[in-house]
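4 protein chains.
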Amino acid sequence: TKLWGGRFEDSVSDAVERFTESISFDKTLYKHDIMGSRAHAEMLQHQGLISEEDRDAILKGLDEIQKQIESGEFIWRVDREDVHMNIEAALTDLVGEPAKKLHTARSRNDQVCTDLRLWSRDAIDSIVSHIKHLQVALVKLALENESLIVPGYTHLQRAQPVLLPHLLLAYVEQLERDAGRLLDCRSRLNFSPLGACALAGTGLPIDRFMTSNALGFTAPLRNSIDAVSDRDFVMEFLSANAILASHLSRLGEEWVLWASEEFGFIIPSDRVSTGSSIMPQKKNPDPMELVRGKSARVIGDLVTLLVLCKGLPQAYNRDLQEDKEPLFDSVKTITGMLEVSADFADNIKFNKERIREALPAGHLDATTLADYLGMAFRTSHDVVGKCVAMCLSRNSCLEEIKLEDLKNISPIFEEDVYEFMGVENAIKNFSSYGSTGSQCVSLQLQHWVRNLHLDVV
Amino acid sequence: TKLWGGRFEDSVSDAVERFTESISFDKTLYKHDIMGSRAHAEMLQHQGLISEEDRDAILKGLDEIQKQIESGEFIWRVDREDVHMNIEAALTDLVGEPAKKLHTARSRNDQVCTDLRLWSRDAIDSIVSHIKHLQVALVKLALENESLIVPGYTHLQRAQPVLLPHLLLAYVEQLERDAGRLLDCRSRLNFSPLGACALAGTGLPIDRFMTSNALGFTAPLRNSIDAVSDRDFVMEFLSANAILASHLSRLGEEWVLWASEEFGFIIPSDRVSTGSSIMPQKKNPDPMELVRGKSARVIGDLVTLLVLCKGLPQAYNRDLQEDKEPLFDSVKTITGMLEVSADFADNIKFNKERIREALPAGHLDATTLADYLGMAFRTSHDVVGKCVAMCLSRNSCLEEIKLEDLKNISPIFEEDVYEFMGVENAIKNFSSYGSTGSQCVSLQLQHWVRNLHLDVV
Amino acid sequence: TKLWGGRFEDSVSDAVERFTESISFDKTLYKHDIMGSRAHAEMLQHQGLISEEDRDAILKGLDEIQKQIESGEFIWRVDREDVHMNIEAALTDLVGEPAKKLHTARSRNDQVCTDLRLWSRDAIDSIVSHIKHLQVALVKLALENESLIVPGYTHLQRAQPVLLPHLLLAYVEQLERDAGRLLDCRSRLNFSPLGACALAGTGLPIDRFMTSNALGFTAPLRNSIDAVSDRDFVMEFLSANAILASHLSRLGEEWVLWASEEFGFIIPSDRVSTGSSIMPQKKNPDPMELVRGKSARVIGDLVTLLVLCKGLPQAYNRDLQEDKEPLFDSVKTITGMLEVSADFADNIKFNKERIREALPAGHLDATTLADYLGMAFRTSHDVVGKCVAMCLSRNSCLEEIKLEDLKNISPIFEEDVYEFMGVENAIKNFSSYGSTGSQCVSLQLQHWVRNLHLDVV
Amino acid sequence: TKLWGGRFEDSVSDAVERFTESISFDKTLYKHDIMGSRAHAEMLQHQGLISEEDRDAILKGLDEIQKQIESGEFIWRVDREDVHMNIEAALTDLVGEPAKKLHTARSRNDQVCTDLRLWSRDAIDSIVSHIKHLQVALVKLALENESLIVPGYTHLQRAQPVLLPHLLLAYVEQLERDAGRLLDCRSRLNFSPLGACALAGTGLPIDRFMTSNALGFTAPLRNSIDAVSDRDFVMEFLSANAILASHLSRLGEEWVLWASEEFGFIIPSDRVSTGSSIMPQKKNPDPMELVRGKSARVIGDLVTLLVLCKGLPQAYNRDLQEDKEPLFDSVKTITGMLEVSADFADNIKFNKERIREALPAGHLDATTLADYLGMAFRTSHDVVGKCVAMCLSRNSCLEEIKLEDLKNISPIFEEDVYEFMGVENAIKNFSSYGSTGSQCVSLQLQHWVRNLHLDVV
């Protein structure tokens, strides 16, 4: 029979029991649930609400239960609904009467929020650490290919030459902001709901600051209704994951493109490729396709949360039970995406020869040439437009146009124009802060080597 | 080693294996995968591509594997990636050489689409049948309360009196359209991709019409590239589920409201209520809260699919592996929602006394009164507005205003006005098709009793 | 003052008026609103609820108002809230007393649903016609390039050769299902809410079948509460648009890829390209990027609708006013996407030379070779895998391997193997229904030429 | 002809021009575009890239254009595509040659990002200020009703009594975190992309720190590719808005409920209510329904952004043009929601009498009674459950049970139990930090009065 069964005469139907149970997924929270119960028991004793013996019995029992769970012996029971009731009931089975006092001045409403915040805090720390690993993998790849020039694209059309490290570090920047978002979320969620009870607090002389401290929270939440009813921290966490997933989906797309026959810029090793059950020649960059694809579920998880909370009245509603699966799924998915992206980065080679051969196509140096002209920009844009048209009609590169022909287009061209042509020269000419000039990129690299502590390795 | 390992020298990393596996969820498809393989083997033999002995070995092996799976003996292996490879490899372990011929003129690309369409077809049939059950439950509730008048709301403000069956049948109508959407989807998806192979078809003399017929498909899909690359049938299915979920979320909201102390219109039995771990007096309509809440994940699942497919080039991309979990989750969730809603409908009582007492509030008869006036509608609206204002100032009902006072507002009022006042009279006066007039609602009820075959029960 | 102002003493605040107005967007419905009012007035007269003179005055007034609107003279007033009140109030200004009778047995609740269904019906017809145009453009492109072989991709890796028409017709198939979804939606929504009034119907002797017929609806909706409160038809419409948008986003992605320097398969004309404000050599396939990008808002519009309706109690709630802008935006966006896609199709050339040169790369014939071997498929997959490995080490094509070397890998190879190598031979060998074999594709083309009536042009 | 027309021979088709234009919406950015151009021109001159005369001509021209725009004289031209080209071309019309130099070392790619960040910064400041207004309105409402006890709900079932200010301050807390999220977003986006040019930076001697400072940015973005290609700041902004919208949707739901006949807790004034076109007695809380409903589009806007950016390769793609309308719509919508919520808060009265009468129902004091028992909580929960059951059977309140009967249930009950019964006593007994005890709530109120500077008013 349920722990809340007092006034009930009939038990719930099977369909309802199956539909409303959460133990199949919220057992994920067991460690944080026990952590919260320990802090609560210590506080109850300290405040004289339970005896030392009761506390000790509870703590010992919780230890035992945690061991059972971690060794796989613990039996989760659907008829005990959720992780909280499973552990509490098991504790009662184990230590008897003292266990019944553990729920003093506590409700499942504040308990589950406490668990969820503790779990999220750990999850954020873990994701941030995975972000760092991916950043390190990208910076290493950049260091290994420090002077490799690749086409830079806009509209997937060749635009200007860029140094490969410049491109890779763009992702490192984005990941850094992603980590920042997660850490801001962590700061904002790290407050304790414990002691908010059902919604209104309690008349018992509890000390919410004591449990808050014990659990590493910044402080107790100031308003007990807010404490049990809001899930903005889950929404914020899933938003941060969704934005991160969006960044990774773009990395996925780019590497899938670069691994194609047509681009041919990267060669993934066998360790990160898969084959085809029918086409023997295939070698597919599946992990990055899945990184791209799995971004969809991280976004879907966020939408679930937002739809879930829309239009709910205060305070706790059972709908909120549905916050957990999207949260768990989002964290698991994003973790895999980060892990596999780093793995992929560790297992690709850039096909330098192929890249070098490909560079002349697309007139990547056209903008540098426009800079050379130094006249009103709109005019120089026109002049270079004509040079490019000449190239197209002759199927040649800009640097292959004779000075004479150039002068026919504009008298400003002089012999030194050839120092502005060709991708090597183009790269050499970049000098603005954050640009793709060798020195500028080198400064960026140094920044990240220091920031990620790659120098001390 | 992988079945596609031919040209590969190294095996995939653990992280990649874990990240790319699908066996943990696509084993759900085992029955339909085996069904497809059986049809394929029969056809291969009929077309002379494999011998009768090979076919028999394959069919017998598949039988055996299905038995193993259903008895729980089958061992699913992550290193065998997915349901297709697990079954094929197990078949090879079991019957040897013939098994290697089963994948002739087939690819996992067309195989998985075949499985998915077969599975979806069954899932739709099951959901439609659950819809019928809920409709039946609602119609029964309507029959049991055929003459119960309740307030009808707009803006959650009392608007006009309606018969309870009228309100319940509004949901029945919506569910009928939901079923229609699902059946349209079923018709559209019931085409066979089998034989599309990787994307281009095959040069082997297969007969796609034979497998299509054997599997109960309408016809083979006309274009093999389309066959393997599109997932519009999943998107359509999940859209239909999302719209259905939206309807159920509204039913959930309404019944949660009606079960509140403030409304007090329904009394859910203990079989569909749960209690509180802290507040002993609570009896919560959790199942309907969760019906409302779980609509969020059905919507989230749809979003996942839409995001997933956005911007993918032709033909198959590994991203598409991610179509399954949202599909399975959506079907499981919507099924539970339907089941529990029907269960709830079977377990509520309408608090007729409370409802009757509540009816006078809110001037539900005001519009009927306006109809009475029969003058230009905008003018009668004004007149009744003044009557209502009089009631508000006196804290009375419309029917309590004396004729004299009414006449002061408009000379048109006569003694017969009182036949248009009070909710009973209001209901009596409704007569338009589809309206809440007793006879009109009775016709609706008869329609549904026939349509749902409740008359033959 | 508002038409509903009867019992109100104070007018709404400016912020509220601005926030709640809908005239800035729902005026889009003016034509269908007037159409509905005409049918309503005819019916009111036919049923003896208004006089012939009143009806004539109303009809004439409505004519005049429609003319004013279409000539741009009509003044839309925010203080008159919405399209219904603007037109009704203008009618009153114009024809006086009779106008006040028009709203007899009608509410804005059923009126707006009527308008919205009529508008949606027209919008669907228009979108379906745009779909046909795009199909025609694609089929023409296919006819112009009937024998062009291009690489077929899976995982964006070269898989097998396909005929270009085969690939283009895959989109035609998808568009056909998109049209089917829209037409199913059209059938389902084409029922009349008119006469449902606020939610409960009316006691006045109206004839809902008469207005339903006059407006081209299949029948009146059976349940008045359902009629005014559900927006499933908008959700279904936006779902169909979202799936269609998903298809177009894939076409967009593919053509952006194909227009890149690296693929170089298509050359868009200047009429569908744009340049860069800084890089003079750029020629960007912007329209198809925007087709891909705008799919996002079509999906966003659907999400808005689903979130909007989640958890609303019956019957009408003001929230539902928010159904219009997403609907209008979705229709406008998808229309543009279809139009521009067709325009793009009309303005690209396939770079046949470049494509031909590119074909040998990627061993597109490997699967055909496996078919040749005719042994157990898993074994032939292995054998061809070894051939491909040999090619990779020698940087050669399969057809360049000597028979002797082939025989070393498997003794089954004979001289006739060379009839299975090279993309032309590969294409020649495809024969299954729906495959990329020339004859199979030709049959498909004929089907679409007939179906789209291109033969009669 | 387009400013980028150099190598183009043909102009774009009408459909493409219509489809790709952005001037209809990005003109919103005019002020920030001009602000950016001013800073850019100053820098170009300071670095010797243009003359003082050129700069002065540019600045004067920009002033003139801003004036024209703000007075409504400026003619926006669709053939000039976007806000940047419209202003630059108008500048050229106005001041001639110098205008052509303004685009030196700049691209629309970095220009639009600069505009968008500046605009977003202002928008955030404005939203945060609207948040404060709403907080102030809620705190004032709390102060006016400092001792009003209302039912607290979980599962929309009556749970425990709470002080109204306690409930209102829960929203104030949530809004505070919303403001925090927006300000974190502001800090993260306040970096300058200007000078990143198309994607690679430039070889001209620009000073990005100078423009960054002039525009109030923290610093220039470190990586030019990142600068032009990422829209994470828009996603983060729209996420923050979506979470804020979720909070407001809950406030909307709650006040719609409370304004219903059944709850009857609040009476909105005529200034924030609207009537019905058919039901003369209706007075609807439309503004809060729309606050609830409009949350849907704020969520839809976020989804649009997330879908938009999914799977785009680096760097700029035209898809990104679609970031603006969702951003503008989200900001406009959330601003209206905040404004109207504050307006509503200023225009409601709590129906104290009705609330007082309603308080005895629902056994709100049951949990306080359980606390009184002071025995093992699970046991006291059982005991009180029995007391509630007794009340239900007798249709009485807890405080109406005689001591004798109480003692029959548990001998622990003594005379002092009546000090724990009734909502007033229940409130009096709460004492934990953040609870609904009078003193605890008073502390909260003081905190917010100080924090929102209401004390100095």
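Chains as they are written, first to last, in the working numbering: chain A, 1 to 457; chain B, 1001 to 1457; chain C, 2001 to 2457; chain D, 3001 to 3457.
All C-beta atoms in this analysis are idealised placements derived from N, C-alpha and C, irrespective of residue type, glycine included.
Note that the coordinates shown come from a computational prediction; the quantities given were computed from them, not determined experimentally.
Based on DSSP bridge pairs, tell me the residues matched to A1219 (chain B). Taking the first residue of the second sequence as 1, we reach residue 1219 (chain B) at position 219. Secondary-structure assignment with DSSP links A1219 (chain B) through a beta bridge to B:F1191.
Among residues of its own chain, excluding the 5 on either side of E3474 (chain D), which ones have a beta-carbon nearer than 7 Å to its beta-carbon? Given a span of 3001 to 3457 for chain D in the structure shown, any question on residue 3474 (chain D) remains unanswerable.
Does DSSP put K2349 (chain C) in a helix, in a strand, or in coil? Taking the third sequence and counting its residues from 1, one reaches residue 2349 (chain C) at position 349. Correct three-state label for K2349 (chain C): strand.
Touch test, the region 3229-3247 of chain D against the region 3177-3187 of chain D, Cβ-Cβ under 8 Å, three pairs minimum: As far as the Cβ criterion goes, the region 3229-3247 of chain D touches the region 3177-3187 of chain D, which means the pair count is three or higher.
Quick check: the Cα distance between G1195 (chain B) and F2430 (chain C), rounded to an integer number of angstroms? Position 195 of the second sequence holds residue 1195 (chain B). Position 430 of the third sequence holds residue 2430 (chain C). Linking G1195 (chain B) to F2430 (chain C) through their CA atoms gives a straight-line distance of about 12 Å.
Can a CB atom of chain D be found closer than 8 Å to the CB of Q174 (chain A)? On the first sequence, residue 174 (chain A) is found 174 positions in, with the first residue counted as 1. At least one chain D Cβ lies under 8 Å of Q174 (chain A).
Sort out for me which residues DSSP pairs P151 (chain A) with in a bridge. Against the first sequence, residue 151 (chain A) aligns to sequence position 151. Under DSSP, P151 (chain A) forms a beta bridge with A:P161.
Are the C-beta of S1435 (chain B) and some C-beta of chain C separated by less than 8 Å? The residue you call residue 1435 (chain B) lines up with position 435 of the second sequence. In terms of beta-carbon proximity, S1435 (chain B) lines the interface with chain C, with at least one pair separated by less than 8 Å.
Beta-carbon separation of D2301 (chain C) and P2326 (chain C) under 8 Å? In the third sequence, counting from the first residue as 1, residue 2301 (chain C) sits at position 301. In the third sequence, counting from the first residue as 1, residue 2326 (chain C) sits at position 326. Cβ atoms of D2301 (chain C) and P2326 (chain C): closer than 8 Å.
Contacts of V1272 (chain B) in chain A (Cβ-Cβ under 8 Å): Indexing the second sequence from 1 puts residue 1272 (chain B) at position 272. Residues of chain A whose Cβ lies closer than 8 Å to the Cβ of V1272 (chain B) are, in chain order, V12, S13 and V16.
Taking the beta strand (DSSP E) that P1268 (chain B) belongs to, which residues open and close that run? The count along the second sequence starts at 1 and reaches residue 1268 (chain B) at position 268. Looking at the DSSP string, the run of the beta strand (DSSP E) that includes P1268 (chain B) is I1266 to P1268.
With a Cβ-Cβ cutoff of 8 Å, do Q157 (chain A) and K2349 (chain C) count as a contact? Working through the first sequence from its first residue, we reach residue 157 (chain A) at position 157. Working through the third sequence from its first residue, we reach residue 2349 (chain C) at position 349. In this structure, K2349 (chain C) does not lie closer than 8 Å to Q157 (chain A) by Cβ.
For D125 (chain A), I'd like the list of residues in its chain whose CB is within less than 8 Å of its CB, leaving aside the five on either flank, ordered along the chain. The count along the first sequence starts at 1 and reaches residue 125 (chain A) at position 125. Closer than 8 Å at Cβ, skipping near neighbours: R186.
Using 8 Å as the threshold, is the region 1359-1375 of chain B in touch with the region 1386-1400 of chain B, meaning 3 or more CB pairs across them? Touching, yes, given that three or more Cβ pairs across the two stretches are closer than 8 Å.
Whose Cβ in chain A lies nearer than 8 Å to the Cβ of Y3316 (chain D)? The residue you call residue 3316 (chain D) lines up with position 316 of the fourth sequence. Correct list: T154 and H155.
Could you say which of A:D110, A:A345, A:L141 and A:F265 lies nearest to W448 (chain A) if we only look at CA atoms? Within the first sequence, the letter at position 448 stands for residue 448 (chain A). It is A:L141.
Which bits of chain A does P1205 (chain B) rub up against, with CB to CB less than 7 Å? By one-based count along the second sequence, residue 1205 (chain B) stands at place 205. Scanning chain A for C-beta atoms nearer than 7 Å to the C-beta of P1205 (chain B) yields nothing, as the closest lies near 17 Å away.
Specify, as a first and last residue, the run of the alpha helix (DSSP H) that R3250 (chain D) falls within. Looking up residue 3250 (chain D) in the fourth sequence gives position 250. Counting along the chain, the alpha helix (DSSP H) containing R3250 (chain D) begins and ends at D3232 to W3258.
Given a cut-off of 8 Å on the beta-carbon distance, is the pair K101 (chain A) and D26 (chain A) in contact? As a working note, residue 101 (chain A) is residue 101 in the first sequence. As a working note, residue 26 (chain A) is residue 26 in the first sequence. It is not a contact, given that the beta carbons lie outside the stated cut-off.
Should S2330 (chain C) and L2248 (chain C) be called a contact, given that it needs their Cβ atoms to be closer than 8 Å? Translated into the one-based positions of the third sequence, residue 2330 (chain C) becomes position 330. Translated into the one-based positions of the third sequence, residue 2248 (chain C) becomes position 248. Not a contact, by the Cβ cut-off of 8 Å.
Please list the residues of the region 2285-2311 of chain C that have a C-beta atom closer than 8 Å to any C-beta atom in chain A, keeping them in chain order. Listed in chain order, the positions of the region 2285-2311 of chain C with a beta carbon within less than 8 Å of a beta carbon of chain A are P2285, D2286, E2289, V2303, L2306, V2307, K2310 and G2311.
Bridge partners for T274 (chain A) per DSSP, in chain order? Here the question's residue 274 (chain A) lines up with position 274 in the first sequence. Paired residues: A:N284.
If we count the other Cβ atoms within 10 Å of its Cβ and call it buried at 16 or more, is S212 (chain A) buried or exposed? Counted from its first residue, the first sequence places residue 212 (chain A) at position 212. A buried status is given to S212 (chain A), since no fewer than 16 other beta-carbon atoms sit within 10 Å of its beta-carbon.
Using a Cβ cut-off of 8 Å, pull out every chain C residue sitting near N1451 (chain B), in sequence order please. For the purposes of this step, residue 1451 (chain B) is identified with residue 451 of the second sequence, where counting begins at 1. Ordered by position in chain C, no residue passes the 8 Å Cβ test against N1451 (chain B), which lies about 11 Å from the chain.
Taking 8 Å as the cut-off, decide whether the C-beta atoms of I87 (chain A) and I65 (chain A) are in contact. The sequence position of residue 87 (chain A) within the first sequence is 87, counting from 1. The sequence position of residue 65 (chain A) within the first sequence is 65, counting from 1. A contact, by the Cβ cut-off of 8 Å.
If contact is defined by three or more beta carbon pairs under 8 Å, each pair taking one atom from either stretch, is the region 188-204 of chain A in contact with the region 3144-3163 of chain D? The answer is yes - the region 188-204 of chain A touches the region 3144-3163 of chain D, with three or more Cβ pairs under 8 Å.
Between Q2281 (chain C) and chain A, is the shortest Cβ-Cβ distance under 8 Å, so that the two count as touching? Locating residue 2281 (chain C) in the third sequence gives position 281, counting from the first residue. Taking Cβ atoms only, chain A reaches closer than 8 Å to Q2281 (chain C), which makes this a yes.
Hey, is F2263 (chain C)'s beta-carbon within less than 8 Å of any beta-carbon in chain A? For the purposes of this step, residue 2263 (chain C) is identified with residue 263 of the third sequence, where counting begins at 1. Yes, contact with chain A.
Partners in chain C for D3230 (chain D), counting only beta-carbon separations shorter than 9 Å: The count along the fourth sequence starts at 1 and reaches residue 3230 (chain D) at position 230. The premise fails here: D3230 (chain D) is roughly 15 Å from chain C at the closest Cβ pair, so nothing lies under 9 Å.
Note down the Cα distance separating R2121 (chain C) from L2189 (chain C), rounded to an integer number of angstroms. Taking the third sequence and counting its residues from 1, the one referred to as residue 2121 (chain C) is at position 121. Taking the third sequence and counting its residues from 1, the one referred to as residue 2189 (chain C) is at position 189. Rounded to the nearest angstrom, the two C-alpha atoms are 8 Å apart.
How far does the alpha helix (DSSP H) with N1109 (chain B) in it extend, from its first residue to its last? Sequence index remark: in the second sequence, residue 1109 (chain B) carries index 109 (1-based). Boundaries of the alpha helix (DSSP H) harbouring N1109 (chain B): R1108 to E1144, taken from the DSSP string.
Partner residues on chain D for S2269 (chain C), Cβ-Cβ distance less than 8 Å: Within the third sequence, numbered from 1, the residue matching residue 2269 (chain C) stands at position 269. Taking the beta carbon of S2269 (chain C) as reference, the chain D residues within 8 Å of it are D3010, listed in sequence order.
Within 10 Å of its beta-carbon, does L2226 (chain C) have 16 or more other beta-carbons around it, so buried, or fewer, so exposed? Reading the third sequence from its first residue, position 226 is the one you call residue 2226 (chain C). The displayed chain sequence assigns Asp, not Leu, to residue 2226 (chain C). Looking at its Cβ environment, which holds 16 or more other Cβ atoms inside 10 Å, D2226 (chain C) is buried.
Does chain D have any CB closer than 8 Å to the CB of T1379 (chain B)? Start at 1 with the first residue of the second sequence, and residue 1379 (chain B) comes out as number 379. Taking Cβ atoms only, chain D never reaches closer than 8 Å to T1379 (chain B), which makes this a no.
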